[in-house]
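Engineer: Encoded as structure tokens, here's the structure I'll be asking about.
Here it is as structure tokens:
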């Protein structure tokens, strides 16, 4: 049987989750444009979208890491804490230890990788549910970070300022008018997108997310994959920390605290199912875009910022409800 | 107070599917009525209508001659109907007694009367002849005992109409025997029993009347006593499949040893030793919990080994992960297809390709999904898997077709399976598909694959396997060639302990 062009190419596109999300996004942009015009300001401007993209960067690395883990059926609540520690290590390495910028970054990310491996150990060997293990990890990492920042000081050094031309360029520089950090973010999304949807590794992750036991018995090494994904998530937390420090030329104890929620929410909003085994990076990116545009848009039309948080929470609830309903529908369709 | 339940012209339509069409039967007190049919014949839908879980699209249900309608499971329960489903509906973290009396806990004032609860439960357990404690946590019981708890739950409710949906699937001979005694007791007490099963010997053993369903239609209603097995299978399958085992095209095992296990020990396996030759089908018989699955998992490196040696083609091997076992040519089809065998919400193609994902690379390290499609399409052809496309989600396939997907996975051209371990491969699969699977297993053996065939269905093991090992309590207690195997001698090895124990238990 030959499929028509419509059936082969158009229909799957329309049925794809990301398509719905893009429609939602366009609707949102239209609403904000009209709303802003009514309020006498404007929303549909290049600078505003540039700002939105700029504000995505730091959360995006958390989203990618969290997204990959969610596809495999796990969660990481320690990314932000690990990333903040990474930013402190970067700042200290440049300022106090006199490391060149690249060694400082390597040192920061290496430490994050170790924490990620410990997370994976909790989950695979000690069989902790991932959100409990990483929650405990977040607390431990925070404690260690405070100990680290008080080393050699009388008290805790909340912020460590440093100066380095290269990291400053990394955080704030532009290439051909586009912020370098945005370019790097897009590259990360493309690389991880291809990895998760087109590579053997990505296929294994998705299958493992669907059923870890069945995947293991069919020769997929779930333990190794879990290790890789937790280390990846922590290192990406570190990358977020590095960019945060590079933007501000400062390592901060409180870095990334607001990004953790955004990171995971965007992944779920993007259609990555909580139960694992579904979703991809395209959806995660659009999810992130929706979340940030929503926040920026609300600011422009002049909604009280406290309400914006309430609405962001509602957005997550709606995303979860959709996820839940589509799972229920799938099950019900199979019931007879 | 013998009750009768009558279905008159019952039909059920789902969007696009006609699940049931004009079903008529009468279940009477003091009788056992069998519902028989292949998977997808409509038995489950019929039970769902009976339990009030779903409503019929047309037709009437009469209880003692009065038209009734069940709008919810609650309605049906109040009308005295209990359905024991295949999927156990127990609360695993609660005790046996709490599960039995949930919703009807004996009270002392505001509090639960724990003593009465314990004693009442103990009484039922004694009546069943089981060896479990009322305060044991259900989740820690064996699957077979959990099933017995499910049956006790219905027994406790003392319903007038009791439906059993393939109750023996997780049970071994010992529990089946205990359960039959309970059913006979219920029958003598004037209850109407509806019994759904694939297993011929059970149908002939305990039922009085048989309703045969096919494709949602009622093919015929037969009196068990006047019916021969061949006639029944013919009615069910719609064609004469003849004597399943006699018609198998078989193969003679060859000389070369593929797998040798020497003194294998794990926490649940004691000193197990055996050999499987090229092209040989070795059956592993025994009761549920005898350690057969554990032997399979140990060989496959799914569980660690305490001591002992495994030799593949004469060379000692030490696998750390199933992956290493697979690379050495071992394949496992686990007992629990849905949880352990398949990724249910993925396509046939993904499930077939699972072990070879790493070998489907094309340029730049991308995975070549057309390889998966090819493998899956070949599996669909080889095993006659009923599906419109290889992209269909496996959860939407019937049990038999799901099993074929797993067989297809391990016999694709990309894997070199030398030893195929099948753990209860025909569990919950209808007679027609079973026969197909038997032939496929024989074909695979003819190609030189060594097969380890684990089954709780005695007829199946003793007729299919070239050599049969019987396990009990983690050890091999006996072995025999097919020519010498009878149900009696396998059972003797399998349950000598339990036969003695059973006598003490009933005293």
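Protein chains in written order, with my numbering: chain A, 64 to 399; chain B, 9 to 515.
Backbone N, C-alpha and C define an ideal beta-carbon position, used for all residues, glycine too.
Computed from a predicted model, the values in this text were never measured in an experiment.
By DSSP, does residue 225 of chain A sit in helix, in strand, or in coil?
Structural biologist: To locate residue 225 of chain A, count along the first chain from 1; it is residue 162. Coil, per DSSP.
Engineer: Closer than 7 Å between beta carbons: that is the criterion. Which residues of the stretch 248-280 of chain A meet it against chain B?
Structural biologist: For the stretch 248-280 of chain A, which is checked against every Cβ of chain B, the residues closer than 7 Å are 261, 262, 263, 266, 267, 270, 273, 274, 276, 277, 278, 279 and 280.
Engineer: Is any beta-carbon of chain A found at less than 8 Å from that of residue 374 of chain B?
Structural biologist: Within the second chain, the letter at position 366 stands for residue 374 of chain B. With 8 Å as the cut-off, residue 374 of chain B counts as an interface residue toward chain A.
Engineer: May I ask you to verify whether the stretch 350-359 of chain B touches the stretch 378-390 of chain B, counting CB pairs closer than 8 Å and requiring at least 3?
Structural biologist: Enough Cβ pairs lie closer than 8 Å, so yes.
Engineer: Identify every residue that forms a DSSP beta bridge with residue 480 of chain B.
Structural biologist: The count along the second chain starts at 1 and reaches residue 480 of chain B at position 472. B:483, per the DSSP bridge assignment.
Engineer: Given this structure, state the Cα-to-Cα distance separating residue 317 of chain A from residue 241 of chain A, to the nearest angstrom.
Structural biologist: Indexing the first chain from 1 puts residue 317 of chain A at position 254. Indexing the first chain from 1 puts residue 241 of chain A at position 178. Roughly 28 Å between the two C-alpha positions.
Engineer: Given residue 292 of chain A, which residues of its chain have a CB within under 6 Å of its CB, disregarding the five upstream and five downstream residues?
Structural biologist: Position 229 of the first chain, counted from the first residue, corresponds to residue 292 of chain A. Correct list, in chain order: 131, 132 and 135.
Engineer: Is there at least one Cβ from chain B nearer than 8 Å to residue 295 of chain A's Cβ?
Structural biologist: By one-based count along the first chain, residue 295 of chain A stands at place 232. Cβ-Cβ to chain B under 8 Å: no for residue 295 of chain A.
Engineer: Using a Cβ cut-off of 8 Å, pull out every chain A residue sitting near residue 499 of chain B, in sequence order please.
Structural biologist: Mapped onto the second chain, residue 499 of chain B falls at position 491. Those do not exist, as residue 499 of chain B stays about 30 Å from chain A at its closest Cβ, beyond 8 Å.
Engineer: Would you say residue 282 of chain A reaches chain B, if we count a Cβ-Cβ gap shorter than 8 Å as a contact?
Structural biologist: Within the first chain, the letter at position 219 stands for residue 282 of chain A. Yes, residue 282 of chain A lies at the interface with chain B (some Cβ there is under 8 Å from its Cβ).
Engineer: At the level of alpha carbons, what is the spacing between residue 291 of chain B and residue 470 of chain B?
Structural biologist: For this step, residue 291 of chain B is matched to residue 283 along the second chain. For this step, residue 470 of chain B is matched to residue 462 along the second chain. C-alpha separation (whole angstroms): 8 Å.
Engineer: Contact check, residue 58 of chain B vs residue 27 of chain B under 8 Å by CB: the rounded distance?
Structural biologist: Start at 1 with the first residue of the second chain, and residue 58 of chain B comes out as number 50. Start at 1 with the first residue of the second chain, and residue 27 of chain B comes out as number 19. The Cβ separation is near 14 Å, so there is no contact.
Engineer: What are the start and end residues of the beta strand (DSSP E) that includes residue 170 of chain B?
Structural biologist: Numbered from its first residue, the second chain carries residue 170 of chain B at position 162. Taken as a continuous stretch (DSSP letters only), the beta strand (DSSP E) holding residue 170 of chain B covers 169-173.
Engineer: Quick check on residue 315 of chain A: does DSSP put it in helix, strand or coil?
Structural biologist: Mapped onto the first chain, residue 315 of chain A falls at position 252. If DSSP states are grouped into helix, strand and coil, residue 315 of chain A belongs with the strands.
Engineer: Would you say residue 411 of chain B reaches chain A, if we count a Cβ-Cβ gap shorter than 8 Å as a contact?
Structural biologist: Counting from one through the second chain, the residue named residue 411 of chain B turns up at place 403. For residue 411 of chain B, the answer is no, since every Cβ of chain A falls outside 8 Å of its Cβ.
Engineer: Quick check on residue 512 of chain B: does DSSP put it in helix, strand or coil?
Structural biologist: The count along the second chain starts at 1 and reaches residue 512 of chain B at position 504. In this prediction, residue 512 of chain B scores a pLDDT of 34, lower than 50, which makes its location untrustworthy; no coordinate-derived value is stated.
Engineer: Output yes or no for whether 8 Å exceeds the beta carbon distance between residue 39 of chain B and residue 14 of chain B.
Structural biologist: Your numbering for residue 39 of chain B matches position 31 in the second chain. Your numbering for residue 14 of chain B matches position 6 in the second chain. Not closer than 8 Å, so no.
Engineer: Under DSSP, the alpha helix (DSSP H) around residue 276 of chain A begins and ends at which residues?
Structural biologist: As a working mapping, residue 276 of chain A is identified with position 213 in the first chain. Residues 275-280.
Engineer: Give the residues from the stretch 354-367 of chain B that approach chain A closer than 9 Å (Cβ to any Cβ), ordered along the chain.
Structural biologist: Listed by position along the chain: 354, 358, 359, 361, 362, 363, 364, 365, 366 and 367.
Engineer: Please compile the residues from chain C whose C-beta is within a distance smaller than 7 Å of the C-beta of residue 349 of chain B.
Structural biologist: The chain inventory of the structure shown lacks chain C, comprising the protein chains A and B.
Engineer: Measure how close the beta-carbons of residue 327 of chain A and residue 129 of chain A come, nearest whole angstrom, since I'm counting them as under 8 Å.
Structural biologist: One-based indexing of the first chain puts residue 327 of chain A at position 264. One-based indexing of the first chain puts residue 129 of chain A at position 66. Contact holds; Cβ gap of about 5 Å.
Engineer: Just reading off the alpha helix (DSSP H) that residue 143 of chain B is part of, what are its end residues?
Structural biologist: What you label residue 143 of chain B is simply residue 135 of the second chain in a count that begins at 1. Looking at the DSSP string, residue 143 of chain B is not in any alpha helix (DSSP H), and its letter there is neither H nor E.
Engineer: Please list, in chain order, the chain A residues whose beta carbon lies closer than 8 Å to that of residue 178 of chain B.
Structural biologist: Position 170 of the second chain, counted from the start, is the residue given in the question as residue 178 of chain B. Chain A residues near residue 178 of chain B: none, gap ~18 Å exceeds 8 Å.
Engineer: What ranges does the alpha helix (DSSP H) occupy inside the stretch 165-251 of chain B, keeping only unbroken runs of at least 4 residues that lie completely in it?
Structural biologist: For the stretch 165-251 of chain B, whole alpha helix (DSSP H) runs of length 4 or above, ordered along the chain, are 181-196, 208-214 and 237-245.
Engineer: DSSP on residue 363 of chain B, reduced to helix/strand/coil?
Structural biologist: Here the question's residue 363 of chain B lines up with position 355 in the second chain. Reduced to three states, the DSSP call for residue 363 of chain B is helix.
Engineer: By DSSP's criteria, residue 26 of chain B is part of a beta bridge. Which residues make up the other side?
Structural biologist: Translated into positions along the second chain, residue 26 of chain B becomes position 18. B:21.
Engineer: Where residue 364 of chain A and residue 120 of chain B are concerned, what is the direct C-alpha to C-alpha distance, given to the nearest angstrom?
Structural biologist: Residue 364 of chain A sits at position 301 when you count from the first residue of the first chain. Residue 120 of chain B sits at position 112 when you count from the first residue of the second chain. Going from the Cα of residue 364 of chain A to the Cα of residue 120 of chain B covers about 60 Å.
Engineer: Residue range of the beta strand (DSSP E) that residue 70 of chain B falls in?
Structural biologist: Within the second chain, the letter at position 62 stands for residue 70 of chain B. 66-71 is the extent of the beta strand (DSSP E) around residue 70 of chain B.
Engineer: Mind pulling the chain A residues with CB within less than 7 Å of residue 342 of chain B?
Structural biologist: Position 334 of the second chain, counted from the start, is the residue given in the question as residue 342 of chain B. Those within 7 Å of residue 342 of chain B in chain A are 280.
Engineer: Kindly list the residues whose CB is nearer than 6 Å to the CB of residue 350 of chain A, restricted to its own chain and excluding five residues on each side of it in sequence; keep chain order.
Structural biologist: Sequence index remark: in the first chain, residue 350 of chain A carries index 287 (1-based). Within the same chain, residue 350 of chain A has close Cβ partners 329, 332 and 333.
Engineer: State the start and end residues of the unbroken alpha helix (DSSP H) segment that holds residue 281 of chain B.
Structural biologist: For the purposes of this step, residue 281 of chain B is identified with residue 273 of the second chain, where counting begins at 1. First-last for residue 281 of chain B: 277-285, but that is the beta strand (DSSP E), not the alpha helix (DSSP H).
Engineer: Leaving out five residues on either side along the sequence, give the residues of the same chain with a beta carbon under 7 Å from the beta carbon of residue 513 of chain B.
Structural biologist: Against the second chain, residue 513 of chain B aligns to sequence position 505. Caution applies to residue 513 of chain B, whose pLDDT of 32 falls short of 50 and renders its modelled position unreliable; the model cannot decide the point.
Engineer: Look at the alpha carbon of residue 217 of chain B and the alpha carbon of residue 144 of chain B, and state the distance between them as a whole number of angstroms.
Structural biologist: Taking the second chain and counting its residues from 1, the one referred to as residue 217 of chain B is at position 209. Taking the second chain and counting its residues from 1, the one referred to as residue 144 of chain B is at position 136. Cα-Cα distance, rounded: 38 Å.
Engineer: Note the first and the last residue of the continuous alpha helix (DSSP H) segment covering residue 81 of chain B.
Structural biologist: Taking the second chain and counting its residues from 1, the one referred to as residue 81 of chain B is at position 73. Residues 81-86.
Engineer: Leaving aside the five residues before and after residue 132 of chain B along the sequence, list all residues of the same chain whose C-beta is less than 8 Å from its C-beta, in chain order.
Structural biologist: For the purposes of this step, residue 132 of chain B is identified with residue 124 of the second chain, where counting begins at 1. These residues qualify, in order along the chain: 108, 160, 163 and 164.
Engineer: So the candidates are A:343, A:287 and A:140; which of them puts its Cα closest to the Cα of residue 82 of chain A?
Structural biologist: Reading the first chain from its first residue, position 19 is the one you call residue 82 of chain A. Comparing Cα positions, the closest option is A:343.
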